[in-house]
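Here is the structure we will look at.
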Amino acid sequence: MSTSVVRDASVLARRNLEHIRQIPEKLTNVTVQPLMFVLLFSYVFGGAIRVEGGTYKEFLLGGILIQTLAFAMMQPATSIATDLQEGVIDRFRSLPTRRSAYLLGHYFAEMIGSIVTIAILCGTGLLIGWRTSASILSVAQGILLLLVFATAMIWLGLWLGIFVRSPDAVMGIGFIIVFPATFVSNAFVPPSSMPGALQWFAAVNPVSVFISAVRELFGNPLTPVTKHVWPIDHPVPAAWIYSVALVVLGVVSAQRQYKHRTTE
Amino acid sequence: MYETLVRDTDQPVPQPPVGSGGVHVTGLGKRFGDLWALRNFSITVTPGTVLGLLGHNGAGKTTAIRILTTLSQPTEGRATVAGFDVVRDAATVRQHIGVASQQATVDGLMSARLNLQTIGRLYGMPRREARERGDALLEQLDLTSFADGLVRTYSGGMRRRLDLAASLMNRPAVLFLDEPTTGLDPLSRSSLWDMLRDLVSEGTTVILTTQYLEEADQLADDIVVLDHGETVAHGTPQDLKSRIGEQRLDVHISDITQLVAAQQTLLPYADSEPIIDEAECVITVPIKPGTRIVDVVRTLDDAGIDAIDVARREATLDDVFVALTHKTQTERPNNASPQEQS
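Respectively, the protein sequence lines represent chains L and E. Okay, so the first sequence: first residue is 1 according to our numbering, each after it adds one. Okay, so the second sequence: first residue is 1001 according to our numbering, each after it adds one.
If you want it as structure tokens, here you go:
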């Protein structure tokens, strides 16, 4: 990656951040919304759900973190779909800027949003009683895993946005994918309470693996595993494999789709 | 008879030197599925001159611009802009061109100033230079008082001007303007024309597309008329007008049912086939040199045709356009206004 690509990407990222400065409401889905989820789940459902080996608040945080970062894929998808729908993309394409700089600019801007989200969620968690019993190294690995997961989600979001073409359609399709993927998992309740078929889905669902990995690295209580498959039994290595695979899939697909979309 | 206007494309045209502001196009074509949006398009644009691409919607103007600005790949043929191949050296071409496309391509959620700074930075300018260049252009285009306002609050004309400023950030050798004055009020239009004239006098090469014949007449040194992707005429505005006959007679009659009879009656005075405009009840006759109006009026009267008005005028580019393209498309371009010029 040449320095001029990174430089151009930073210039373009500043553009996205400027959009947020103009429409601060854009930030609600990475700030207020996850905060609301933490409070709602811990105080509304928290009392009814028993978690072995710890409190529900400790259990919840890993789930909320992964779910929020997964939902955050809609933001880059919407931004890029909007760009493509308006003429602004032609302007960037007629400049001596590399194709990759444009996508990388979106990634930089979204990554800042994801870091803010992680900070807000962990901060709120600490306030309401989430604690970690793991070593600093382990917690650091957990945060790094979250950042790599966020990277994968952003690039998959960019791919979705280029693929779907219209910002309105992004929301529809995004919800259809992300809602079941995050709810039929071990995010909010132990899967042992679900019907058999859903238990299987939750067990093989990569979202469960990511959540278990984060819980393990943060030293928070894990849900009992009812259906045994290798990834859910070994969440940390499996989550790393999934993350890297998803990053590669997202980056390659977004670039290819963008190239395809902008070649006439 | 108009085929003679098409310049012979087989003759080799000297290649402009590398880095010069010229444009050189040979046999350019673009196919979308079964449809050729542009075909056999060849042109040489001398540095510091203006080429006008004239045609209806769908004539191939925008396709030509998109290929020359590296946004679209040609199916056949080749083109150099400022001495660089638009396919092989696309990145270098982009450093030397400015593009203002039909759709305003500025970011509505940023201020005008930030839009220009972003573009300047993407041309590789240091922050300070990008800011100064942007501010200078805002001043030049009379946008300084709105410089910090969000672009989405701008009027269409202001957006157009900002778009032009954006395309001038890198001091381009070749400037492409796709229907630059569509949707502008007459005042903004003429001030944009003045600005373009200044740029050209400083050596910028301009390629513009337009549906306004008056615009091409005012600005272009050379005009290519496109129709359904084909070049139907090429020459200077004066060339085109003189080739199809200098003089026109507009005969306005009262009874629409007499249009065809009137057309037949006027044939002896016509250089080429008179054109009927049913909506206006007018027959436009390219008249032979030396025709006397009094003879025309007498002939019409003898034939029992009630002519409300008979007016002689100089041919306009509208007439060229109608003469060249009416075989394939009978309606006139909706934006053209021949009356303004007569």
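Built from N, CA and C at the ideal position, the CB exists for glycine as well. In this text the structure is predicted, and so the values were computed from the model without any measurement.
- Same chain, Cβ closer than 8 Å to D1185 of chain E, five either side skipped, listed in chain order: Start at 1 with the first residue of the second sequence, and residue 1185 of chain E comes out as number 185. Only G1157 meet the Cβ criterion.
- Residues, ordered as in the chain, of the stretch 1097-1114 of chain E that lie near chain L by beta-carbon distance below 9 Å: I1097, G1098, V1099, S1101, Q1102, Q1103, A1104, T1105, V1106, D1107, G1108, L1109, M1110, S1111 and L1114
- Query: Which value, in whole angstroms, describes the spacing of the CA atoms of L1226 of chain E and K1030 of chain E?
  - Reply: As a first step, residue 1226 of chain E must be located in the second sequence, where it is residue number 226. As a first step, residue 1030 of chain E must be located in the second sequence, where it is residue number 30. Computed Cα separation, rounded: 14 Å.
- Message: Does any residue of chain L have a CB that is nearer than 8 Å to the CB of I1119 of chain E?
- Response: Looking up residue 1119 of chain E in the second sequence gives position 119. A Cβ of chain L is located within less than 8 Å of the beta carbon of I1119 of chain E.
- For I66 of chain L, the nearest candidate out of L:I177, L:T226, L:P237 and L:S208 (CA to CA): Position 66 of the first sequence holds residue 66 of chain L. Nearest option by C-alpha distance: L:S208.
- Query: Along the chain, where does the alpha helix (DSSP H) that runs through K259 of chain L open and close?
  - Reply: As a working mapping, residue 259 of chain L is identified with position 259 in the first sequence. DSSP places K259 of chain L inside the alpha helix (DSSP H), whose first and last residues are P235 to R261.
- Mind pulling the chain E residues with CB within less than 8 Å of E18 of chain L? Here the question's residue 18 of chain L lines up with position 18 in the first sequence. What E18 of chain L touches in chain E: L1109, M1110 and L1114.
- Message: Please give the ranges of any beta strand (DSSP E) in the stretch 1214-1254 of chain E, keeping only runs that are unbroken, at least 3 residues long and fully inside the region.
- Response: 1222-1227, 1230-1235 and 1247-1253
- Message: Just to confirm the assignment, what range does the beta strand (DSSP E) spanning N1040 of chain E have?
- Response: In the second sequence, the residue the question calls residue 1040 of chain E occupies position 40. First-last of the beta strand (DSSP E) with N1040 of chain E: L1035 to V1045.
- Counted within 10 angstroms of its Cβ, other Cβ atoms place K1288 of chain E as buried (16 or more) or exposed: In the second sequence, counting from the first residue as 1, residue 1288 of chain E sits at position 288. K1288 of chain E comes out exposed.
- Message: Can you look up E1076 of chain E in the DSSP assignment and give me helix, strand or coil?
- Response: Your numbering for residue 1076 of chain E matches position 76 in the second sequence. In the structure shown, E1076 of chain E sits in a strand (DSSP, three-state: E or B).
- Task: Would you check if the distance between the CB atom of T1205 of chain E and the CB atom of G1022 of chain E is smaller than 8 Å?
- Result: Residue mapping note: residue 1205 of chain E aligns to position 205 of the second sequence, counting from 1. Residue mapping note: residue 1022 of chain E aligns to position 22 of the second sequence, counting from 1. Yes.
- Query: Can we say the stretch 110-118 of chain L touches the stretch 44-59 of chain L, given the rule of at least three CB pairs closer than 8 Å?
  - Reply: no
- Query: Does the stretch 209-218 of chain L come close enough to the stretch 239-249 of chain L that 3 or more CB-CB pairs lie under 8 Å?
  - Reply: yes
- Item | beta strand (DSSP E) segment containing V1099 of chain E, residue limits | Counting from one through the second sequence, the residue named residue 1099 of chain E turns up at place 99. Element bounds for V1099 of chain E: I1097 to A1100.
- Query: Closer than 8 Å, CB to CB, is T1357 of chain E near chain L or not?
  - Reply: With chain E running from 1001 to 1342 in the structure shown, residue 1357 of chain E is simply not present.
- Item | Where Q22 of chain L meets chain E, residues with beta-carbon distance less than 7 Å | The residue given as residue 22 of chain L occupies position 22 in the first sequence. Ordered by position in chain E, the residues that pass the 7 Å Cβ test against Q22 of chain L are L1109 and L1150.
- If we ignore side chains and look at the alpha-carbon of each, how far apart do E264 of chain L and T1070 of chain E end up? Mapped onto the first sequence, residue 264 of chain L falls at position 264. Mapped onto the second sequence, residue 1070 of chain E falls at position 70. So the two alpha carbons sit approximately 10 Å from each other.
- Cβ neighbour criterion (16 or more within 10 Å) applied to I1305 of chain E: Numbered from its first residue, the second sequence carries residue 1305 of chain E at position 305. Buried, by the Cβ-count rule.
- Flag this pair as touching only if the stretch 1209-1220 of chain E and the stretch 1294-1311 of chain E have three or more C-beta atom pairs under 8 Å; answer yes or no. Here the stretch 1209-1220 of chain E makes no contact with the stretch 1294-1311 of chain E; the two share fewer than three CB pairs at distances below 8 Å.
- Query: When the cut-off is 8 Å and only beta carbons count, does Y1123 of chain E lie next to chain L?
  - Reply: On the second sequence, residue 1123 of chain E is found 123 positions in, with the first residue counted as 1. Yes, Y1123 of chain E counts as interfacial toward chain L.
- So, are the CB atoms of T1062 of chain E and Q1103 of chain E less than 8 Å apart? Numbered from its first residue, the second sequence carries residue 1062 of chain E at position 62. Numbered from its first residue, the second sequence carries residue 1103 of chain E at position 103. Not a contact, by the Cβ cut-off of 8 Å.
- Message: Determine whether the beta carbon atoms of T1105 of chain E and V88 of chain L lie at a separation below 8 Å.
- Response: The count along the second sequence starts at 1 and reaches residue 1105 of chain E at position 105. The count along the first sequence starts at 1 and reaches residue 88 of chain L at position 88. Yes, Cβ-Cβ distance for T1105 of chain E and V88 of chain L is below 8 Å.
- V51 of chain L: beta carbon under 7 Å from a heavy atom of the ligand ATP? The ligand ATP is absent from the structure shown, which contains no ligands of any kind.
- Item | Rounded separation between L958 of chain E and T1026 of chain E - CA only | An answer regarding residue 958 of chain E cannot be provided, because it is not within the stretch 1001 to 1342 covered by chain E.
- Query: How big is the Cα-Cα spacing for L246 of chain L and R7 of chain L?
  - Reply: Counting from 1 along the first sequence, the entry for residue 246 of chain L is found at position 246. Counting from 1 along the first sequence, the entry for residue 7 of chain L is found at position 7. One C-alpha to the other measures close to 25 Å.
- Task: Please confirm if A1166 of chain E has its CB atom under 8 Å from at least one CB of chain L.
- Result: In the second sequence, residue 1166 of chain E corresponds to position 166, counting from 1. Against chain L, the CB of A1166 of chain E has a partner CB under 8 Å away; the residue lies at that interface.
- Should the stretch 96-106 of chain L be regarded as contacting the stretch 183-202 of chain L, the criterion being three or more beta carbon pairs within less than 8 Å? no
- Task: Assign T1181 of chain E to one of three DSSP states: helix, strand, or coil.
- Result: Taking the first residue of the second sequence as 1, we reach residue 1181 of chain E at position 181. Three-state DSSP puts T1181 of chain E in coil, outside helix and strand.
- Query: Under a CB-based cut-off of 8 Å, is L1177 of chain E close to chain L?
  - Reply: For the purposes of this step, residue 1177 of chain E is taken as residue 177 along the second sequence, with counting starting at 1. Not an interface residue.
- Query: Assuming V44 of chain L and I64 of chain L make a contact with CB atoms under 8 Å, what is their CB distance in whole Å?
  - Reply: Numbered from its first residue, the first sequence carries residue 44 of chain L at position 44. Numbered from its first residue, the first sequence carries residue 64 of chain L at position 64. Not a contact, Cβ separation roughly 13 Å.
- Task: List the residues of chain L whose Cβ lies closer than 9 Å to the Cβ of S1072 of chain E, in chain order.
- Result: On the second sequence, position 72 is the one that residue 1072 of chain E refers to. Those within 9 Å of S1072 of chain E in chain L are T263 and E264.
- Go ahead and pull the three-state DSSP assignment for L1143 of chain E. Along the second sequence, one-based indexing puts residue 1143 of chain E at 143. Of the three classes helix, strand and coil, the one that applies to L1143 of chain E here is coil, per DSSP.
- For the stretch 93-121 of chain L, which residues have a CB atom closer than 9 Å to at least one CB atom of chain E, in sequence order? Residues passing the 9 Å Cβ filter: R93, S94, L95, P96, T97, R98 and A101.
- Task: Compare the C-beta of T1069 of chain E against all C-beta atoms of chain L and say whether one is closer than 8 Å.
- Result: Taking the second sequence and counting its residues from 1, one reaches residue 1069 of chain E at position 69. Closer than 8 Å: yes.
- Query: If the cut is a Cβ gap below 7 Å, which residues of chain E does V11 of chain L touch?
  - Reply: To locate residue 11 of chain L, count along the first sequence from 1; it is residue 11. Chain-ordered, the chain E residues with CB closer than 7 Å to the CB of V11 of chain L read T1118, R1121 and L1122.
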